[in-house]
Amino acid sequence: MALIYVVEDDINIKEIETYALKNTGYEVIGLECAKAFYAELSRKVPDLILLDIMLPDEDGLEIVRKLRAEAATRQLPIILVTAKTSEIDKVKGLDIGADDYMTKPFGVMELISRVKALLRRSGRAADKQMCIGGICLDEERHSVTVDGLSCVLTYKEYQLLKLLMEHAGIVASRDSILEKIWGIDFEGESRTLDMHIKTLRQKLGESGKMIKTIRNVGYMFAV
Numbered sequence: 003m004a005l006i007y008v009v010e011d012d013i014n015i016k017e018i019e020t021y022a023l024k025n026t027g028y029e030v031i032g033l034e035c036a037k038a039f040y041a042e043l044s045r046k047v048p049d050l051i052l053l054d055i056m057l058p059d060e061d062g063l064e065i066v067r068k069l070r071a072e073a074a075t076r077q078l079p080i081i082l083v084t085a086k087t088s089e090i091d092k093v094k095g096l097d098i099g100a101d102d103y104m105t106k107p108f109g110v111m112e113l114i115s116r117v118k119a120l121l122r123r124s125g126r127a128a129d130k131q132m133c134i135g136g137i138c139l140d141e142e143r144h145s146v147t148v149d150g151l152s153c154v155l156t157y158k159e160y161q162l163l164k165l166l167m168e169h170a171g172i173v174a175s176r177d178s179i180l181e182k183i184w185g186i187d188f189e190g191e192s193r194t195l196d197m198h199i200k201t202l203r204q205k206l207g208e209s210g211k212m213i214k215t216i217r218n219v220g221y222m223f224a225v
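Here the sequence shown is numbered in the working numbering, starting from 3 and rising by one per residue.
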């Protein structure tokens, strides 16, 4: 499970970011200033930092400079978050070593997508367990639990749940699901997918409501 530090002095924004990332299966620690961040960093280096530029005790850009100057954090993925909108600000942040840049306000799905993409690019997304809500999928054991209780799935149901959880908050089209789970040469009826979704929801119980039907498009695992 990837560990993410959310460094943000706005309490409301920090809570939203932290909640969204935790519901996507990440371990998240929210920090309100540079001092708290450095203290936590001394205990453990995270897999990714979501860093606000305008902190009360130190500029976020200066924090990036310090992180890039140290061997232990030189390759640490960093996404800068700020209310500043000028292109110069964005270029400056990227030039000093930030990996990505988000401007407030932004949507939760965009946040999750950017975090996932950066973790993949950095090679830090090799987690073997995903937990969203009460559902936990363990790739090493090829098992699923719901609220701590074992949930027995068929191979296709497991693969379907894994695909939806990996792209939580993002709509997966029917065609893309059929291709990835049943193969590009699949010639069966699309109702096959609908039936698997139905049985999967039933086996997940109340947590099955997290799998949303997006009419005329496909399905999405809600976060």
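Every residue, glycine too, gets a C-beta built ideally from N, C-alpha and C.
Quick check on DSSP: helix, strand or coil for residue i?
| i | result |
| --- | --- |
| residue 51 | strand |
| residue 77 | coil |
| residue 155 | coil |
| residue 30 | strand |
| residue 9 | strand |
| residue 99 | coil |
| residue 220 | strand |
| residue 149 | coil |
| residue 83 | strand |
Could you check whether the Cβ of residue i sits closer than 7 Å to any Cβ belonging to chain C?
| i | result |
| --- | --- |
| residue 17 | The question asks about chain C, but that chain is absent: this structure has only one protein chain. |
The alpha helix (DSSP H) with residue i in it runs from where to where?
| i | result |
| --- | --- |
| residue 173 | It is not in any alpha helix (DSSP H) - residue 173 carries neither H nor E in the DSSP assignment. |
| residue 200 | 193-206 |
| residue 214 | Run containing residue 214: none in the alpha helix (DSSP H); it sits in the beta strand (DSSP E), 213-216. |
| residue 36 | 36-45 |
| residue 60 | From DSSP, residue 60 is part of no alpha helix (DSSP H); its letter is neither H nor E. |
At the level of alpha carbons, what is the spacing between residue i and residue j?
| i | j | result |
| --- | --- | --- |
| residue 36 | residue 10 | 9 Å |
| residue 2 | residue 63 | There is simply no residue 2 to check, as the chain begins at 3 and stops at 225 in what is shown. |
| residue 7 | residue 115 | 16 Å |
| residue 167 | residue 125 | 19 Å |
| residue 108 | residue 15 | 10 Å |
| residue 75 | residue 69 | 5 Å |
So, using beta-carbon positions, are residue i and residue j closer together than 7 Å?
| i | j | result |
| --- | --- | --- |
| residue 102 | residue 83 | no |
| residue 66 | residue 100 | yes |
| residue 205 | residue 153 | yes |
Grab the span of the beta strand (DSSP E) containing residue i for me, first residue to last.
| i | result |
| --- | --- |
| residue 124 | From DSSP, residue 124 is part of no beta strand (DSSP E) but of the alpha helix (DSSP H) over 110-124. |
| residue 139 | 137-140 |
| residue 133 | 131-134 |
So, do the region 204-219 and the region 135-149 have three or more beta carbon pairs nearer to each other than 8 Å? yes
Tell me whether the region 142-153 and the region 165-181 touch, counting them as touching only if at least three CB pairs, one residue from each stretch, are closer than 8 Å. no
Counting beta carbon pairs with one atom in the region 39-54 and one in the region 105-122, are three or more of them shorter than 8 Å? yes
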